[in-house]
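Going down the list, the sequences are from chains A and B.
Under our numbering, the first residue of the first sequence is numbered 1, with each subsequent residue one higher.
Under our numbering, the first residue of the second sequence is numbered 327, with each subsequent residue one higher.
Just so it is clear, CB atoms sit at the ideal spot from N, CA and C, and this is done for glycine as well.
Note that the structure is predicted; figures quoted are calculated from it, not measured.
Beneath this line is the structure, given in structure tokens, with notes to follow.
Protein chains: 2
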Amino acid sequence: MRILVTGAAGMIGQKLVARLAAEGHVGGRPIAALLLHDVVAPAAPPGLAAESVTGDLAGPGAAAELAAFRPDLVFHLAGVVSGEAEADFELGYRVNLHGTLALFEALRQAGSHPRLVYASSIAVFGAPFPEVIPDDFHPVPLTSYGTQKLMGELLLNDYTRRGFLDGIGLRLPTICVRPGRPNKAASGFFSSIIREPLAGREAVLPVPREVVHTHASPRAAVGFLLHAATLDAAAIGARRNLTMPGVAVSVAEEIAALGRVAGEAPLALIRDAPDPAVWAIVRNWPTRFAATRARDLGFAAETSFEEIIRIHIADELGGVVPRPAS
Amino acid sequence: MRILVTGAAGMIGQKLVARLAAEGHVGGRPIAALLLHDVVAPAAPPGLAAESVTGDLAGPGAAAELAAFRPDLVFHLAGVVSGEAEADFELGYRVNLHGTLALFEALRQAGSHPRLVYASSIAVFGAPFPEVIPDDFHPVPLTSYGTQKLMGELLLNDYTRRGFLDGIGLRLPTICVRPGRPNKAASGFFSSIIREPLAGREAVLPVPREVVHTHASPRAAVGFLLHAATLDAAAIGARRNLTMPGVAVSVAEEIAALGRVAGEAPLALIRDAPDPAVWAIVRNWPTRFAATRARDLGFAAETSFEEIIRIHIADELGGVVPRPAS
Numbered sequence: 001m002r003i004l005v006t007g008a009a010g011m012i013g014q015k016l017v018a019r020l021a022a023e024g025h026v027g028g029r030p031i032a033a034l035l036l037h038d039v040v041a042p043a044a045p046p047g048l049a050a051e052s053v054t055g056d057l058a059g060p061g062a063a064a065e066l067a068a069f070r071p072d073l074v075f076h077l078a079g080v081v082s083g084e085a086e087a088d089f090e091l092g093y094r095v096n097l098h099g100t101l102a103l104f105e106a107l108r109q110a111g112s113h114p115r116l117v118y119a120s121s122i123a124v125f126g127a128p129f130p131e132v133i134p135d136d137f138h139p140v141p142l143t144s145y146g147t148q149k150l151m152g153e154l155l156l157n158d159y160t161r162r163g164f165l166d167g168i169g170l171r172l173p174t175i176c177v178r179p180g181r182p183n184k185a186a187s188g189f190f191s192s193i194i195r196e197p198l199a200g201r202e203a204v205l206p207v208p209r210e211v212v213h214t215h216a217s218p219r220a221a222v223g224f225l226l227h228a229a230t231l232d233a234a235a236i237g238a239r240r241n242l243t244m245p246g247v248a249v250s251v252a253e254e255i256a257a258l259g260r261v262a263g264e265a266p267l268a269l270i271r272d273a274p275d276p277a278v279w280a281i282v283r284n285w286p287t288r289f290a291a292t293r294a295r296d297l298g299f300a301a302e303t304s305f306e307e308i309i310r311i312h313i314a315d316e317l318g319g320v321v322p323r324p325a326s
Numbered sequence: 327m328r329i330l331v332t333g334a335a336g337m338i339g340q341k342l343v344a345r346l347a348a349e350g351h352v353g354g355r356p357i358a359a360l361l362l363h364d365v366v367a368p369a370a371p372p373g374l375a376a377e378s379v380t381g382d383l384a385g386p387g388a389a390a391e392l393a394a395f396r397p398d399l400v401f402h403l404a405g406v407v408s409g410e411a412e413a414d415f416e417l418g419y420r421v422n423l424h425g426t427l428a429l430f431e432a433l434r435q436a437g438s439h440p441r442l443v444y445a446s447s448i449a450v451f452g453a454p455f456p457e458v459i460p461d462d463f464h465p466v467p468l469t470s471y472g473t474q475k476l477m478g479e480l481l482l483n484d485y486t487r488r489g490f491l492d493g494i495g496l497r498l499p500t501i502c503v504r505p506g507r508p509n510k511a512a513s514g515f516f517s518s519i520i521r522e523p524l525a526g527r528e529a530v531l532p533v534p535r536e537v538v539h540t541h542a543s544p545r546a547a548v549g550f551l552l553h554a555a556t557l558d559a560a561a562i563g564a565r566r567n568l569t570m571p572g573v574a575v576s577v578a579e580e581i582a583a584l585g586r587v588a589g590e591a592p593l594a595l596i597r598d599a600p601d602p603a604v605w606a607i608v609r610n611w612p613t614r615f616a617a618t619r620a621r622d623l624g625f626a627a628e629t630s631f632e633e634i635i636r637i638h639i640a641d642e643l644g645g646v647v648p649r650p651a652s
């Protein structure tokens with residue numbers, strides 16, 4: 001099996017590549033070759049021969065170079081995040097829309113007809129929302145990022161219907177707890193209020209604690225991608241874009257879960273500092289999803305926010321719950 | 327007022343331009359300059375100074391040339407129709423998607439911030455449908471044409487939200503009765519079964535007479551475009567794409583209306599010749615629309631199919647109901 005990963009240097013990309021390297025196969029098919037692409041050089045995974053290509057996917061010839069690899073499986077994760085796509089209009093369209101257009105078109109022309117797993121986002125939905133968003137809720141994005149991701153979904157569905165790709169789009173919920181430094185996603189605080197206090201650092205909470213949002217761990221996100229890679233196309237049907245499941249909790253519940261896992265001390269490091277600019281974005285975000293189709297197709301996320309925190313501790317902190325200095 | 331019309335040589339484009347020329351103003355603002363664009367040279371309207379530009383909107387520099395005109399009002403009608411976009415994948419994406427992308431982006435960069443009226447289509451919707459399709463029904467196109475039109479809608483909404491355009495997208499129902507020769511739209515028979523018998527020629531009906539579909543006359547379509555040109559943006563709100571009203575009738579009801587208007591003789595010229603290829607497309611088409619938002623905003627179509635036939639006779643046949651040779 002020949003696998004191409006775009007956005008391979010990103011947080012999810014790195015974790016996906018590490019898991020591919022650790023397992024050596026996808027759905028029982030050995031990985032014969034792996035091609036990694038990103039705007040910065042992706043790290044080569046240990047134990048698996050991988051080539052890498054660095055550059056702008058929307059640039060002349062870039063997508064054709066990737067398509068010439070003739071992948072059987074593509075994970076298209078490359079993208080500029082929500083905050084950045086809103087701040088830099090041209091960059092967002094270039095990467096998220098034109099990069100996707102270029103990749104799909106190059107794959108069509110190369111004719112290797114890969115299964116293509118596309119990282120979309122719940123940002124395709126815009127307010128007003130019902131209490132629980134059903135799978136057939138009409139998407140009206142309220143950000144450029146959501147617009148670009150939804151245009152990619154439509155393209156994926158049409159390229160699949162026409163027989164050029166075998167695409168599956170996954171509307172990922174907010175991935176939490178993100179390791180490392182904050183990125184430019186407006187949703188970053190959902191992670192930082194867990195990650196930073198666990199590391200003994202202060203975190204700022206820019207929205208009211210009543211805000212409800214849906215989360216899945218980075219480990220669950222990689223699980224979604226790998227499950228989509230091997231899913232029976234006949235089971236999916238004509239609507240190739242699926243809202244992924246997750247854990248819907250309020251910020252207050254997030255914080256209570258942190259207290260149950262790591263004690264009361266980290267909670268004092270969360271500082272409420274309402275930010276009208278962040279709130280203006282977050283107040284239009286969806287809260288809860290039915291995700292019925294995805295669950296029926298076997299996509300599984302965590303079942304509690306405590307589990308999400310414990311996965312962060314296991315995968316990022318060596319399994320050690322930090323103890324407050326006494 | 328400076329007005330740009332793309333697709334000006336098309337059926338609706340020609341009728342729009344003729345009406346602009348006849349009225350000399352839009353919403354009371356005199357037309358100072360008119361620029362017409364199409365892939366073939368649009369006819370200059372009588373009584374109004376108009377420039378015209380011929381070429382491929384997605385070609386290098388083409389959209390920038392149009393944007394340099396600095397329009398206050400744009401009617402973006404250019405497009406490859408449904409049957410052609412399905413038959414020629416590359417042409418459909420080039421004209422319907424990349425032409426639209428190029429135009430919007432050139433207008434953004436030129437900065438004249440026009441009101442832009444975009445001809446979208448009910449093809450953005452795909453089966454299965456409820457009996458009456460509400461305004462917030464989720465669009466899942468089942469054709470490349472519908473996909474391309476919906477991508478344009480999303481772009482229009484985002485460019486408007488960001489303040490680069492003041493866009494309104496109109497999801498037009500099937501325009502009926504189309505004058506002239508059939509085009510490559512799969513919906514062409516809805517018109518030809520009226521137009522051809524009225525002209526004493528045979529027409530082929532490729533689908534069952536039970537098929538229900540929503541129609542508006544070419545005159546109503548021009549009315550939609552002009553109403554959208556002057557509508558108060560504050561009244562529209564953030565969701566800038568509107569499903570237009572129309573007359574929902576079965577093919578049998580169409581034919582009965584023809585009988586009431588023109589007598590029984592033309593009806594004998596309609597030959598049922600089921601075509602599985604056409605049926606495969608048409609059976610997934612939407613039937614009835616609520617069009618509540620559009621009606622509330624003052625968009626008005628005909629109220630009966632007889633009225634649609636009488637408009638065809640008035641506008642195309644000099645007001646004369648043809649009499650069968652006795």
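Limits of the unbroken beta strand (DSSP E) element including residue i
i: A/Asn241; result: Asn241 to Thr243
i: A/Glu51; result: Ala50 to Thr54
i: A/Ser250; result: Val247 to Ser250
i: B/Arg598; result: Looking at the sequence itself, residue 598 of chain B is Asp, so the reference to Arg does not match. Unbroken beta strand (DSSP E) run through B/Asp598: Ile596 to Asp598.
i: A/Ala367; result: Outside the displayed span of chain A (1 to 326) sits residue 367 of chain A, for which this structure offers no information.
i: A/Leu4; result: Arg2 to Thr6
Sequence-distant residues of the same chain with beta carbon closer than 7 Å to residue i, five excluded per side
i: B/Ala511; result: Val407, Ser408 and Gly409
i: A/Ser192; result: Pro182 and Ala203
i: B/Ile634; result: Cys502, Val503, His541, Ser543, Val573 and Glu628
i: A/Val222; result: Ile12, Lys15, Leu16 and Arg19
i: A/Met1; result: Val26, Arg29, Pro30, Ile31, Ala32, Asp72 and Leu73
Residues that residue i bridges to, as DSSP identifies them
i: A/Arg115; result: A/Leu73 and A/Asp166
i: A/Val26; result: A/Arg29
i: A/Thr174; result: A/His215
i: B/Ala529; result: B/Ile596
i: B/Ser615; result: Per the sequence presented here, residue 615 of chain B reads as Phe, with Ser not at that position. Note: B/Phe615 sits in a beta bridge opposite B/Ile459.
i: A/Ser120; result: A/Arg171
Residue i, enclosing alpha helix (DSSP H) - first and last residue
i: A/Leu66; result: Ala62 to Ala67
i: B/Ser518; result: Gly514 to Leu524
i: A/Asp158; result: Ser144 to Arg161
i: A/Ser82; result: Ser82 to Ala87
i: A/Val282; result: Pro276 to Val282
i: B/Gly425; result: Gly425 to Ala436
i: A/Glu316; result: Phe305 to Glu316
i: B/Ala560; result: Ala559 to Ile562
Interface partners of residue i on chain E, CB under 7 Å
i: A/Arg239; result: Of the chains in the structure shown, none is chain E; the protein chains are A and B.
Interface partners of residue i on chain A, CB under 8 Å
i: B/Met477; result: Met151, Leu154 and Leu155
i: B/Thr473; result: Leu154, Leu155, Asn157 and Asp158
8 Å CB neighbourhood of residue i in its chain, flanking five on each side removed
i: A/Gly55; result: His37, Val39 and Ala62
i: A/Ser304; result: Val247 and Ala257
i: B/Ala599; result: Val530, Leu531 and Pro532
i: A/Pro141; result: Ala123, Val124, Phe125, Gly126, Thr147, Lys149 and Leu150
i: B/Ile581; result: Ile519, Arg535, Leu593 and Ile596
9 Å Cβ cut-off: residues of chain B touching residue i
i: A/Ser144; result: Asp484, Arg487 and Arg488
i: A/Asp136; result: Phe463, His464 and Val466
Residues near residue i in its chain [Cβ-Cβ closer than 6 Å; skip 5 each side]
i: B/Val400; result: Leu330, Pro440 and Leu442
i: A/Ala106; result: Ala63, Ala64 and Ala67
i: B/Ser652; result: No answer about B/Ser652 holds up, because its pLDDT of 45 lies below 50 and its placement is not dependable.
i: B/Ala384; result: Arg420, His424, Gly425 and Ala428
i: B/Gly585; result: Leu593
i: B/Pro648; result: Leu524
Cross-chain neighbours of residue i in chain A, by beta carbon under 9 Å
i: B/Thr569; result: Under the 9 Å cutoff, chain A gives no residues; its nearest Cβ is about 12 Å from B/Thr569.
Heavy atom of the ligand GDP within 7 Å of residue i beta-carbon
i: B/Ala574; result: As for the ligand GDP, it is missing from this structure, which has no ligand bound.
Residue i: contacting residues in chain B (beta-carbon distance under 7 Å)
i: A/Phe89; result: Arg488
query = Touching or not, the stretch 498 to 506 of chain B and the stretch 442 to 453 of chain B, by the rule of three or more beta carbon pairs under 8 Å?
reply = With a cut-off of 8 Å, the stretch 442 to 453 of chain B and the stretch 498 to 506 of chain B count as touching, because enough Cβ pairs lie within range.
task = Report yes or no: do the stretch 538 to 552 of chain B and the stretch 330 to 341 of chain B share at least 3 C-beta pairs separated by less than 8 Å?
result = Yes: the two stretches touch, three or more of their Cβ pairs being nearer than 8 Å.
At least three beta-carbon pairs within less than 8 Å, the stretch 547 to 563 of chain B to the stretch 598 to 617 of chain B = No, the stretch 547 to 563 of chain B does not touch the stretch 598 to 617 of chain B.
request  = Spell out a yes or no on whether the stretch 281 to 288 of chain A and the stretch 125 to 136 of chain A are touching, meaning 3 or more CB-CB pairs, one atom from each, closer than 8 Å.
outcome  = Yes, the stretch 281 to 288 of chain A is in contact with the stretch 125 to 136 of chain A.
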